[in-house]
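S.K.: Under the numbering used here, the first residue of the sequence shown carries the number 665, and numbering increases by one thereafter.
Quick reminder that beta carbons are idealized off the backbone N, C-alpha and C, glycines included.
What follows is a structure written as structure tokens; I'll ask about it next.
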Amino acid sequence: MGRVSGVRGPYAGLVAEHGLAASHRLTLAAVPDGARVLDVGCATGYLAADLTRRGCTVIGAEVDPEAAAQARAWCAKVVVGDLEAPETHDAVAAAAAPGVDVVLCADVLEHLRDPWTVLAWLRTLLAPDGVAVISVPNIGHWTARREVLRGRFPYADFGLFDRTHLRFFTYDSALELARRAGFDVRTVLPAGAPLPLESRVPSLRRVRDPFVRRCPGFLALQFVLVLRAVPQRP
């Protein structure tokens, strides 16, 4: 989302027009009611709004000041800044102290220069027994493979070929991202997308999710990972 959080234009606009995506719903479902949450790249607060209604206390981090101003309606605190800048690290750590139950990174890490280091740092902000919930797009999705086979890489304002993506992930590299950052992968939830002809054949919707679970590397549009920090050796 944007450089760190999702440009308020396309992403917030898509949510406003179409509602939350499948990956958003999976991400939110992985957060317990009443949790203390650090929403990394909170944009205008469209995820924080749902969490707050469920009794969560949400701390936001957002690079876009205008989006951050809107997110304050739903967040207890919002830190404005680039998550790859040391000064932002200090401000986020202070806001998150003494620790959060959940670090939430929904459609954020692919926009960073070094998501491995940022995710490893975010791990240090978790309370004992806290979890990280991250979502990343799957560049191995069949539609992306089709475009590359045709010799194309069609940059766009959003989606798999979002022109602001700096990193690209498959099923295996998403797991590697989490493990390099010091996490155990507890759950991988594949988020699908409508299949061809689904709008004309509604019954395809009933078979989509089983197919996505069987072939996540090919049919998942995004992966939602629930992560637990690996205990660090003294």
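Reducing DSSP to helix, strand and coil, say where Phe875 ends up.
M.R.: DSSP places Phe875 in the helix class (H, G or I) of the three-state scheme.
S.K.: Among Ser687, Arg689, Asp703, Leu684, whose alpha-carbon lies nearest the alpha-carbon of Val795?
M.R.: Asp703
S.K.: Between Leu891 and Ala842, is the Cβ-Cβ spacing less than 8 Å?
M.R.: With contacts defined as CB atoms closer than 8 Å, Leu891 and Ala842 qualify as a contacting pair.
S.K.: Measuring only the C-alpha atoms, how far is Pro818 from Phe825?
M.R.: Straight-line spacing of the CA atoms in Pro818 and Phe825 works out to 6 Å.
S.K.: Report yes or no: do three or more beta-carbon pairs, one from the region 806–813 and one from the region 774–791, lie closer than 8 Å?
M.R.: no
S.K.: Examine the Cβ distances between the region 688–700 and the region 709–720 and report whether three or more of them are shorter than 8 Å.
M.R.: Taking 8 Å as the limit for Cβ pairs, the verdict is that the region 709–720 does touch the region 688–700.
S.K.: Taking the alpha carbon of Leu883 as the reference point, which residue from Gly846, Pro801, Ala725, Gly763 has its own alpha carbon closest?
M.R.: Per the Cα distances, Pro801.
S.K.: Which stretch, first to last residue, makes up the beta strand (DSSP E) that contains Leu889?
M.R.: 886–893
S.K.: Classify Arg814 as helix, strand or coil using the three-state DSSP reduction.
M.R.: Of the three classes helix, strand and coil, the one that applies to Arg814 here is coil, per DSSP.
S.K.: Does DSSP put Phe822 in a helix, a strand or coil?
M.R.: coil
S.K.: Can you name, in chain order, every residue of its own chain whose Cβ lies under 7 Å from the Cβ of Gln886, other than the five neighbours on each side?
M.R.: The beta carbon of Gln886 is closer than 7 Å to those of Ser687, Ser799, Val800, Pro801, Asn802, Ala855 in its chain, skipping five residues each way along the sequence.
S.K.: Could you give the first and the last residue of the continuous alpha helix (DSSP H) run that contains Pro880?
M.R.: 880–883
S.K.: Which same chain residues end up closer than 6 Å to Gly881 when comparing Cβ atoms and leaving out the 5 residues on each side of it in sequence?
M.R.: Gly804, Tyr835
S.K.: For a minimum of 4 consecutive residues, which ranges assigned as the alpha helix (DSSP H) are wholly contained in the region 757–806?
M.R.: 779–787
S.K.: In three-state terms, what does DSSP make of Pro860?
M.R.: Reduced to three states, the DSSP call for Pro860 is coil.
S.K.: Shortest alpha-carbon distance to Arg736 belongs to which of Ala707, Ala893, Pro895?
M.R.: Ala707
S.K.: Mapping DSSP to helix, strand and coil, what is Arg850?
M.R.: strand
S.K.: For Asp746, tell me which candidate among Asp765, Trp738, Gly724, Ala699 has the shortest Cα-Cα distance.
M.R.: Gly724
S.K.: Does Leu830 come out as helix, strand or coil in the three-state DSSP assignment?
M.R.: coil
S.K.: What is the DSSP secondary structure of Ala855, reduced to helix, strand or coil?
M.R.: Under the three-state reduction of DSSP output, Ala855 falls in the strand class.
S.K.: Please say whether Thr851 and Ala901 have beta carbons closer to each other than 8 Å?
M.R.: Because the chain in this structure spans residues 665 to 898, residue 901 falls outside the shown range and cannot be described.
S.K.: Starting from the Cα of Ala760, find the closest Cα among Glu751, Leu789, Asp714, Phe847 and give me that residue.
M.R.: Leu789
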